[in-house]
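Asks: Take this structure first; my questions come after.
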Ligand code: SF4
Ligand code: SF4
Ligand code: SF4
Ligand code: FES
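Residue numbers (the working numbering), protein chains in the order written: chain A, 66 to 226; chain B, 2 to 859.
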């Protein structure tokens with residue numbers, strides 16, 4: 066988990082407001098986390114304490130739930146989410162190399178975000194477009210039949226240098 | 002409840018509904034291997050090792066989580082079951098490092114035991130690399146999570162039993178592991194180093210970090226924790242006459258497989274190099290080691306000489322709430338029958354006799370009549386004048402469990418924000434010393450709003466009308482003005498308490514160490530009685546005891562006004578009983594209390610004292626006066642494990658054996674009499690106190706005729722009534738009397754109390770090297786507001802000055818205190834907070850002080 070940066074006053078207030086709607090309803094932890102992530106794009110670690118006390122849970126338990134689901138983030142994410150497919154079909158058609166290229170292009174590793182918060186990089190197990198393998202997904206768009214040239218074209222940047 | 006019969010490995014066995022297959026198997030002596038099951042934890046079925054075969058359906062089910070059903074046919078060791086278990090163990094070992102030979106868990110590792118039983122050796126599966134050790138600086142716990150098998154026992158004990166919530170799983174799949182928030186080292190988390198997770202971990206993933214003594218345990222001995230009044234069961238693991246480690250005893254309903262940091266890591270004092278190993282006699286101001294014969298001869302002749310010359314009442318005996326029941330019994334017999342005086346008291350006088358008298362006068366009961374299990378069943382728990390998470394951790398655990406898992410509601414009354422605050426439904430922060438006004442205010446609201454138990458209020462309980470009229474002035478508005486608690490909270494608290502099916506009151510030293518301790522207890526008893534919460538299951542009054550045998554010392558008559566069993570020293574019938582047995586009539590007329598002994602010694606009318614296991618120089622108010630008084634005695638004998646500040650003043654010092662080196666019983670705060678067993682031989686030439694006392698009597702020419710400790714026990718059973726009958730209750734109105742705590746030039750109020758790693762005056766806990774390493778010196782907590790105003794920051798050295806004395810300590814800024822209040826721990830002789838109090842009536846909890854900044858170099 067990232068460094069727990071302190072929240073600003075208004076941010077804290079906003080979180081408190083969201084939490085208040087769910088107070089005391091232990092079952093509602095997941096919807097609450099979703100809501101906070103919807104508003105902030107991620108779940109700021111300093112929010113874990115207040116969430117836990119409103120839910121009657123321990124902070125460690127809330128963290129357990131957040132880190133259990135790959136869809137919850139505790140760090141700010143890029144504007145664009147890049148997912149490189151690591152499924153079997155993509156793998157046999159060079160998915161591993163594509164991942165390496167994307168990493169070079171963006172200058173970041175899996176699970177990281179570019180310093181300008183443009184891109185975050187993830188991998189997925191399969192996106193169900195095996196016919197187009199190897200694939201990458203940027204936000205909701207699928208880019209099939211990837212090769213080094215196409216990778217460079219998708220990102221129009223060369224973060225590797 | 003109808004019994005359920007099933008067939009287990011071909012044999013018909015029956016159990017009760019709700020029982021799991023595993024429980025029934027264990028009861029029937031059938032062994033099923035388990036890794037994630039633990040009797041006091043809810044089953045999770047995580048390890049799958051306890052699989053058994055349901056022979057009717059052919060299904061494999063987890064025994065630990067499957068309830069028995071009529072007619073079930075279960076095979077626990079069928080070939081299919083065994084094969085499956087082997088596969089599971091192989092999978093576990095595939096992601097486990099091959100470090101068994103050097104792993105300190107050694108033969109205690111359950112994974113290794115089970116693998117051996119199933120004949121699983123080298124694993125041919127592809128290995129999965131695992132996380133490495135986490136760097137931690139605490140001296141207690143080491144985590145090597147590469148050895149973790151994800152049984153979640155540590156997480157469950159942490160959340161379900163000790164209720165700290167320091168750890169939970171982080172991540173998922175192969176990467177998941179038990180972690181603190183943000184995966185910090187334990188010392189940066191909520192962890193209190195209770196050690197319960199270490200004891201429960203089946204593998205070497207969680208281990209003791211810095212151990213006192215290496216090697217594999219040769220045997221273990223059941224005993225009782227020597228620190229607080231909870232009386233947790235412990236098991237002492239021994240090798241070569243050394244304590245290797247202390248683990249929780251599992252069978253006790255008091256601690257249920259948990260301990261606190263003191264129990265787990267505090268018993269190192271037993272092997273402290275500072276232990277006394279030979280009797281010492283002062284020659285020309287210096288101690289010289291002598292033989293026991295020489296020492297005892299000296300003691301006997303001096304005691305006899307002084308008795309002859311000045312009379313028996315010129316001698317006094319101060320016993321200890323750390324000594325066993327048998328030792329306390331012998332002590333009072335030595336005082337009464339051998340010396341011939343009622344000048345016998347014990348060190349818990351300062352903080353526990355107030356509560357005893359209070360309960361007795363109003364309720365007719367000597368101490369807490371109910372168990373920790375009852376407490377956990379209460380609907381509302383009111384905690385006042387106590388921080389059980391520190392002073393009585395096992396009770397703290399029970400309260401937190403009741404709140405978190407049983408829906409109990411916590412009414413917390415404490416100006417400090419203790420760990421319980423986050424569990425409280427209602428938290429009142431009265432000004433120190435105003436408890437009686439607050440409690441009377443609650444009583445008034447209860448009566449006003451007709452929330453009182455009709456049965457108790459209509460004549461059956463004496464004094465009701467008097468009570469009602471005495472409460473007239475305690476309106477919520479008046480109470481708010483006096484205590485600082487908002488009116489609506491006073492009303493809410495009264496409704497909360499009175500509205501419960503059963504409501505418990507838990508109180509501790511914060512009540513009894515105040516000048517008005519007895520009155521506070523009476524006020525509390527009044528509201529308990531008003532709401533029908535005396536002996537109402539969980540609805541009752543629970544008095545915490547600081548020292549582990551504070552209750553036993555009183556029960557055994559180490560008191561100047563009571564023979565054993567709270568039979569008055571002037572009660573003719575009781576005196577007759579003891580006379581018949583002892584052949585000597587016990588003296589009549591109350592003797593000196595501990596504080597009076599010091600006074601009389603100072604005045605010169607007390608000539609000699611025997612002090613056993615107490616350190617009044619450190620634990621009584623105004624240590625300078627105590628020192629002078631003890632030094633003025635003609636003859637002082639101290640029996641102790643260490644050369645304490647008190648022992649240094651003695652003419653003769655007798656080396657005493659520790660709790661681990663002797664047998665006997667301790668009585669915990671519930672009244673549970675628990676046995677301790679000898680785990681190791683006495684260190685050096687030390688002897689158990691009971692043996693010292695028997696010898697002393699013999700040398701004095703009046704042997705006490707016991708040939709074994711059992712004979713002492715028998716005499717106690719015979720002469721000490723087990724239960725004092727509960728007298729019909731009575732309301733006793735009490736008034737709040739304002740005490741001015743702050744004074745001119747002393748604008749701050751200092752509160753004192755215990756802190757978790759330490760205990761009492763620190764005699765033992767500061768000699769337990771891991772505790773000392775973790776928490777080496779005193780500090781003073783200052784509220785954020787005061788710190789800002791005074792320009793103080795963390796670790797700034799300051800002087801805390803009262804009208805009678807001053808101590809130095811380092812600042813700790815905290816948000817847990819309201820402005821104007823300070824807090825200091827009592828357990829550090831280097832910062833003797835008791836020096837801030839004047840001698841006399843003990844109010845060792847609050848004091849008016851000011852802070853003075855010290856320059857960094859001095
Ligand atoms: S650390 Fe120990 S107790 Fe905790 S989950 Fe791992 S193996 Fe189980
Ligand atoms: S030592 Fe105690 S408080 Fe700390 S993690 Fe283990 S169980 Fe929790
Ligand atoms: S709670 Fe008390 S009795 Fe239990 S381990 Fe801690 S100090 Fe010992
Ligand atoms: S002991 Fe039953 S699943 Fe672990």
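We put the beta carbon where it would ideally sit given N, CA and C, even for glycine.
Check whether the Cβ of residue 336 of chain B sits closer than 7 Å to any heavy atom of ligand 2, and report yes or no.
Replies: Every heavy atom of ligand 2 is 7 Å or more from the Cβ of residue 336 of chain B, so no.
Asks: Taking 8 Å as the CB-CB cut-off, is residue 485 of chain B touching chain A?
Replies: Chain A, which has no Cβ nearer than 8 Å to the Cβ of residue 485 of chain B, makes this no.
Asks: What does residue 173 of chain B reach in chain A if we use C-beta pairs closer than 9 Å?
Replies: Neighbours of residue 173 of chain B on chain A, chain order: 132, 133, 134 and 135.
Asks: What separation, rounded to the nearest whole angstrom, lies between the Cα atoms of residue 84 of chain A and residue 186 of chain A?
Replies: Cα to Cα, residue 84 of chain A sits roughly 30 Å from residue 186 of chain A.
Asks: Measure how close the beta-carbons of residue 388 of chain B and residue 419 of chain B come, nearest whole angstrom, since I'm counting them as under 8 Å.
Replies: Rounded, the Cβ-Cβ distance is 4 Å, consistent with contact.
Asks: Please report the straight-line C-alpha distance between residue 31 of chain B and residue 21 of chain B, rounded to a whole angstrom.
Replies: Roughly 13 Å between the two C-alpha positions.
Asks: Enumerate, from N- to C-terminal direction, the unbroken alpha helix (DSSP H) stretches of 4 or more residues contained entirely within the region 532-600 of chain B.
Replies: The region 532-600 of chain B contains these whole alpha helix (DSSP H) runs: 551-556 and 573-583.
Asks: Between the C-alpha atoms of residue 366 of chain B and residue 538 of chain B, what's the straight-line distance to the nearest angstrom?
Replies: Annotation note: pLDDT 47 at residue 366 of chain B (below 50); position unreliable, coordinate value reported separately. So the alpha carbons of these two residues sit roughly 16 Å apart.
Asks: From this set, B/717, B/526, B/69 and B/49, which residue's C-alpha is nearest residue 17 of chain B's C-alpha?
Replies: Out of B/717, B/526, B/69 and B/49, B/69 has the C-alpha closest to the C-alpha of residue 17 of chain B.
Asks: Could you compute how far the alpha carbon of residue 378 of chain B sits from the alpha carbon of residue 399 of chain B?
Replies: Distance between the alpha carbons of residue 378 of chain B and residue 399 of chain B: 9 Å.
Asks: For ligand 2, is there any heavy atom lying closer than 7 Å to the beta carbon of residue 187 of chain B?
Replies: Correct: residue 187 of chain B has its Cβ closer than 7 Å to ligand 2.
Asks: Among the residues of its own chain, which have a CB less than 6 Å from the CB of residue 867 of chain B, if the five just before and after it don't count?
Replies: Chain B is shown from 2 up to 859; residue 867 of chain B falls before or after that span and cannot be answered.
Asks: I'd like to know whether the C-beta of residue 90 of chain A is nearer than 8 Å to at least one C-beta of chain B.
Replies: Not one chain B Cβ lies under 8 Å of residue 90 of chain A.
Asks: What are the partner residues of residue 401 of chain B, as DSSP defines its beta bridges?
Replies: Answer is none; residue 401 of chain B lacks a bridge partner.
Asks: Can you tell me whether residue 247 of chain B is buried or exposed, with buried defined as 16 or more other CB within 10 angstroms of its CB?
Replies: The residue in question, residue 247 of chain B, is buried, as its Cβ has 16 or more Cβ neighbours within 10 Å.
Asks: Please classify residue 13 of chain B: is it buried, with 16 or more other beta-carbons within 10 angstroms of its beta-carbon, or exposed?
Replies: The residue is exposed, with fewer than 16 neighbouring Cβ atoms inside 10 Å.
Asks: Just to confirm my understanding: we take residue 355 of chain B, look at its own chain, exclude 5 residues before and 5 after, and list those with CB closer than 6 Å. What are they?
Replies: Low per-residue confidence applies at residue 355 of chain B: pLDDT is 47, beneath 50, and the placement is therefore not dependable, though the value from the model is reported in the following sentence. 513, 518 and 519, listed in sequence order.
Asks: Hey, does residue 176 of chain A have any beta-carbon neighbour from chain B nearer than 8 Å?
Replies: Not closer than 8 Å to any Cβ of chain B, the Cβ of residue 176 of chain A fails to qualify, so no.
Asks: Roughly how many angstroms lie between the CA atoms of residue 803 of chain B and residue 822 of chain B, to the nearest whole one?
Replies: The straight-line gap from Cα to Cα measures roughly 14 Å.
Asks: Shorter than 7 Å, the distance from the beta carbon of residue 104 of chain B to the closest heavy atom of ligand 1, or not?
Replies: No - ligand 1 has no heavy atom lying nearer than 7 Å to the Cβ of residue 104 of chain B.
Asks: Nearest CA to the CA of residue 777 of chain B: which residue from B/785, B/767 and B/783?
Replies: With distances taken between Cα atoms, residue 777 of chain B lies closest to B/767.
Asks: Please report how far the alpha carbon of residue 222 of chain B lies from the alpha carbon of residue 661 of chain B, in whole angstroms.
Replies: So the two alpha carbons sit approximately 9 Å from each other.
Asks: Hey, could you find the ends of the alpha helix (DSSP H) residue 700 of chain B is sitting in?
Replies: Where residue 700 of chain B is concerned, the enclosing alpha helix (DSSP H) stretches over 690-700.
Asks: Does ligand 3 have a heavy atom nearer than 7 Å to the CB of residue 260 of chain B?
Replies: Indeed, a heavy atom of ligand 3 lies less than 7 Å from the Cβ.
Asks: Taking residue 409 of chain B as the query, report the chain A residues whose CB atoms sit under 8 Å from its CB, ordered along the chain.
Replies: Those do not exist, as residue 409 of chain B stays about 13 Å from chain A at its closest Cβ, beyond 8 Å.
Asks: Tell me, please, whether the CB atom of residue 160 of chain B is closer than 8 Å to any CB atom in chain A?
Replies: Taking Cβ atoms only, chain A reaches closer than 8 Å to residue 160 of chain B, which makes this a yes.
Asks: In chain order, which continuous runs of the beta strand (DSSP E) of length 3 or greater are located wholly inside the region 745-789 of chain B?
Replies: Runs of the beta strand (DSSP E) inside the region 745-789 of chain B: 749-754 and 780-784.
Asks: If the cut-off is 7 Å on Cβ atoms, which residues from the region 174-188 of chain B count as contacting chain A, listed in chain order?
Replies: Residues 181, 182, 183 and 184.
Asks: Note down, one range per segment and in chain order, each beta strand (DSSP E) of at least 3 residues found wholly within the region 373-443 of chain B.
Replies: Listed in chain order, they are 381-385, 410-414 and 427-429.
Asks: Within its chain, find whatever has a CB closer than 6 Å to the CB of residue 251 of chain B; leave out the 5 residues flanking it on each side and keep chain order.
Replies: Once the five neighbours on either side are set aside, the close Cβ partners of residue 251 of chain B are 258.
Asks: In whole angstroms, what separates the C-alpha of residue 699 of chain B from that of residue 705 of chain B?
Replies: Distance between the alpha carbons of residue 699 of chain B and residue 705 of chain B: 7 Å.
Asks: Examine ligand 3 and report whether any of its heavy atoms sits within less than 7 Å of the Cβ of residue 232 of chain B.
Replies: Checking the Cβ of residue 232 of chain B against ligand 3 gives yes.
Asks: Verify whether the separation of the beta carbon atoms of residue 391 of chain B and residue 755 of chain B is less than 8 Å.
Replies: Cβ atoms of residue 391 of chain B and residue 755 of chain B: closer than 8 Å.
Asks: May I ask whether a heavy atom of ligand 4 can be found less than 7 Å away from the beta carbon of residue 788 of chain B?
Replies: Because no heavy atom of ligand 4 lies under 7 Å away, the Cβ of residue 788 of chain B does not count as near it: no.
Asks: Unbroken beta strand (DSSP E) runs of length 3 or more, entirely within the region 235-318 of chain B: which are they?
Replies: Correct list: 243-249, 281-284 and 287-290.
Asks: Comparing C-alpha positions only, which one of B/592, B/732, B/594 and B/576 sits nearest to residue 586 of chain B?
Replies: Closest by alpha carbon: B/576.
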